[in-house]
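Below you'll find the structure, written out as structure tokens, and then a few comments.
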Amino acid sequence: MSRKVGVITLHNSPNYGSCLQTYATQVVLARVGADAEIIDYYRKDAIPENEVDRALNGQLVKKMPIFKVPGVKQIAKIPVSRMVARRRAPLDEFRHSKLALTERSYYSADELDANPPVADIYCTGSDQVWNSIWNNGFDRAFYLSFAPEGKKKIAYAASIGKATLEDWEAEPMRKALSSYSCISVREQEAADLLDSIGVHGAMPVIDPTLMLNRDDWEAIADGWISPEPYVLVYQLNRNAEFDSYVQRVAKKTGLKVMRIAYGVHEKRSGENAVICPSVGRFLSLFLGAEIVITDSFHGTAYSVNLGKKFVAISPGRFNGRISNLLNMTNLDNHLLDDFGNLTISELDYDSNSVQAQLNLKRNEAFSFIEKALDI
Numbered sequence: 000m001s002r003k004v005g006v007i008t009l010h011n012s013p014n015y016g017s018c019l020q021t022y023a024t025q026v027v028l029a030r031v032g033a034d035a036e037i038i039d040y041y042r043k044d045a046i047p048e049n050e051v052d053r054a055l056n057g058q059l060v061k062k063m064p065i066f067k068v069p070g071v072k073q074i075a076k077i078p079v080s081r082m083v084a085r086r087r088a089p090l091d092e093f094r095h096s097k098l099a100l101t102e103r104s105y106y107s108a109d110e111l112d113a114n115p116p117v118a119d120i121y122c123t124g125s126d127q128v129w130n131s132i133w134n135n136g137f138d139r140a141f142y143l144s145f146a147p148e149g150k151k152k153i154a155y156a157a158s159i160g161k162a163t164l165e166d167w168e169a170e171p172m173r174k175a176l177s178s179y180s181c182i183s184v185r186e187q188e189a190a191d192l193l194d195s196i197g198v199h200g201a202m203p204v205i206d207p208t209l210m211l212n213r214d215d216w217e218a219i220a221d222g223w224i225s226p227e228p229y230v231l232v233y234q235l236n237r238n239a240e241f242d243s244y245v246q247r248v249a250k251k252t253g254l255k256v257m258r259i260a261y262g263v264h265e266k267r268s269g270e271n272a273v274i275c276p277s278v279g280r281f282l283s284l285f286l287g288a289e290i291v292i293t294d295s296f297h298g299t300a301y302s303v304n305l306g307k308k309f310v311a312i313s314p315g316r317f318n319g320r321i322s323n324l325l326n327m328t329n330l331d332n333h334l335l336d337d338f339g340n341l342t343i344s345e346l347d348y349d350s351n352s353v354q355a356q357l358n359l360k361r362n363e364a365f366s367f368i369e370k371a372l373d374i
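Letter by letter, the sequence shown follows residues 0 to 374 in numbering that gives the first Met the number 0.
Put into structure tokens, the structure is as follows:
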């Protein structure tokens with residue numbers, strides 16, 4: 000009889016990477032014979048209403064004089080709500096069709112404590128679940144505070160997402176993780192941070208999306224094929240130098256630009272914007288690209304996994320995830336350190352060697368999971 004594993008992760012953050020790493024986690028657990036159920040927990044910023052409020056109180060809005068006029072924010076709520084709904088729609092469709100979600104949704108740690116989902120083992124999943132900045136403090140739900148006493152707790156490819164811990168968070172993190180029987184993390188720096196606070200033995204493993212190969216991702220892509228070659232842009236952070244760099248690469252290579260965008264505000268002149276594509280189309284865009292330019296960790300992960308020519312651009316903070324991946328695959332030279340360097344996009348590499356390294360890491364991760372689940 001398979002063990003039921005309740006997984007809490009960032010499955011409903013409004014971005015493709017979070018959604019797809021959850022799917023990959025579910026597949027990986029199924030492959031070792033476990034029955035994964037994704038706990039439908041909403042971090043505060045993932046609740047659609049809060050997402051609207053956050054957009055209307057963001058730094059960009061604060062810089063716009065019109066929003067200082069009384070009543071303008073209230074009027075703007077309507078189009079912003081529509082934008083948020085459009086952004087979430089393809090991700091929600093994928094989540095509800097591909098993920099084994101709990102019947103109940105949870106909107107606070109208190110709700111989870113009061114009525115926890117039933118499972119044999121509880122698992123903190125991947126992505127930046129232990130990043131106190133994104134969590135707006137210490138979110139005990141991601142430390143499995145709701146798991147009934149005596150139930151086994153594990154962490155699979157969890158991420159802290161930053162290079163240092165705040166003084167205030169070290170002790171609650173150490174205390175919470177002391178009840179875990181097995182911990183794996185997505186970056187070496189996370190293992191080092193945990194070790195520094197007395198949580199020893201955390202094993203670095205690759206991101207769940209890298210556990211699946213090209214065939215796995217093609218199986219859920221929508222099969223779209225471009226009639227002409229293109230540079231794919233997947234950009235999460237506003238950066239004028241990034242935008243200029245894309246145009247110069249396009250001019251040098253003669254390729255058209257396809258940009259995955261979360262809204263019309265992300266359109267750029269001379270580019271083809273694909274706004275809020277389905278998850279299947281998102282994957283097809285990566286599968287068919289000649290070159291990928293991205294500041295996203297998961298954008299970099301797909302580029303590496305699919306053997307694409309690519310340029311990884313630092314997102315600024317939380318850059319360790321990308322650096323770890325490129326170092327592990329010996330592709331450090333694909334991390335851009337000079338916006339004048341247009342040659343990175345044309346760098347070839349031995350994709351067979353990369354896959355061989357990934358296969359080693361996949362085997363390590365499977366061994367960890369089997370041990371953690373006592374399979």
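For every residue, glycine included, the Cβ atom is placed at its ideal position computed from N, Cα and C.
What you are looking at is a predicted structure, and each value in this text was computed from that prediction instead of being measured.
In three-state terms, what does DSSP make of residue i?
i, result
"residue 34", "strand"
"residue 319", "helix"
"residue 154", "strand"
"residue 376", "What the structure shows of the chain is the stretch from 0 to 374, and residue 376 is not part of that stretch, so it cannot be assessed."
"residue 275", "coil"
"residue 302", "helix"
"residue 104", "strand"
"residue 16", "helix"
"residue 192", "helix"
"residue 285", "helix"
At the level of alpha carbons, what is the spacing between residue i and residue j?
i, j, result
"residue 345", "residue 330", "13 Å"
"residue 276", "residue 199", "42 Å"
"residue 207", "residue 145", "24 Å"
"residue 265", "residue 127", "24 Å"
"residue 166", "residue 157", "20 Å"
"residue 121", "residue 103", "16 Å"
"residue 273", "residue 111", "37 Å"
"residue 106", "residue 118", "19 Å"
"residue 267", "residue 372", "48 Å"
"residue 100", "residue 91", "12 Å"
"residue 336", "residue 114", "49 Å"
"residue 168", "residue 131", "8 Å"
"residue 140", "residue 229", "42 Å"
"residue 83", "residue 19", "19 Å"
"residue 212", "residue 353", "12 Å"
"residue 283", "residue 215", "12 Å"
"residue 307", "residue 334", "14 Å"
"residue 6", "residue 17", "13 Å"
Does residue i pass the burial test, meaning 16 or more other C-beta atoms within 10 Å, or should it be called exposed?
i, result
"residue 124", "buried"
"residue 234", "buried"
"residue 86", "buried"
"residue 227", "exposed"
"residue 399", "The displayed coordinates of the chain run from 0 to 374. Any statement about residue 399 would go beyond what the structure contains."
"residue 250", "exposed"
"residue 298", "buried"
"residue 343", "buried"
"residue 163", "exposed"
"residue 147", "exposed"
"residue 174", "exposed"
"residue 269", "exposed"
"residue 160", "buried"
Is the distance from the Cβ of residue i to the Cβ of residue j below 8 Å?
i, j, result
"residue 245", "residue 232", "yes"
"residue 248", "residue 312", "no"
"residue 320", "residue 185", "yes"
"residue 10", "residue 94", "yes"
"residue 4", "residue 34", "yes"
"residue 310", "residue 324", "no"
"residue 205", "residue 360", "yes"
"residue 21", "residue 98", "yes"
"residue 281", "residue 305", "no"
"residue 367", "residue 202", "yes"
"residue 278", "residue 47", "no"
"residue 254", "residue 290", "yes"
"residue 377", "residue 365", "Residue 377 cannot be examined here, being either before or after the span of the chain that is shown, 0 to 374."
"residue 225", "residue 136", "no"
"residue 129", "residue 172", "yes"
Going by the C-beta, is residue i closer than 7 Å to any heavy atom of the ligand GTP?
i, result
"residue 310", "Among the ligands in the structure shown, none appear at all, so the ligand GTP cannot be discussed."
- Message: Taking 8 Å as the cut-off, does the region 221 to 230 touch the region 186 to 199 (at least 3 CB pairs, one atom from each stretch)?
- Response: Because the criterion of three Cβ pairs below 8 Å is not met, the region 186 to 199 and the region 221 to 230 do not touch.
- Task: Please confirm if the region 334 to 354 is in contact with the region 173 to 191, defined as three or more CB-CB distances below 8 Å between the two stretches.
- Result: Contact fails: fewer than three Cβ-Cβ distances are below 8 Å.
- Could you tell me whether the region 137 to 152 touches the region 165 to 179, where touching means 3 or more Cβ pairs closer than 8 Å? Segment contact: the region 137 to 152 against the region 165 to 179, three or more CB-CB distances shorter than 8 Å; contact assigned.
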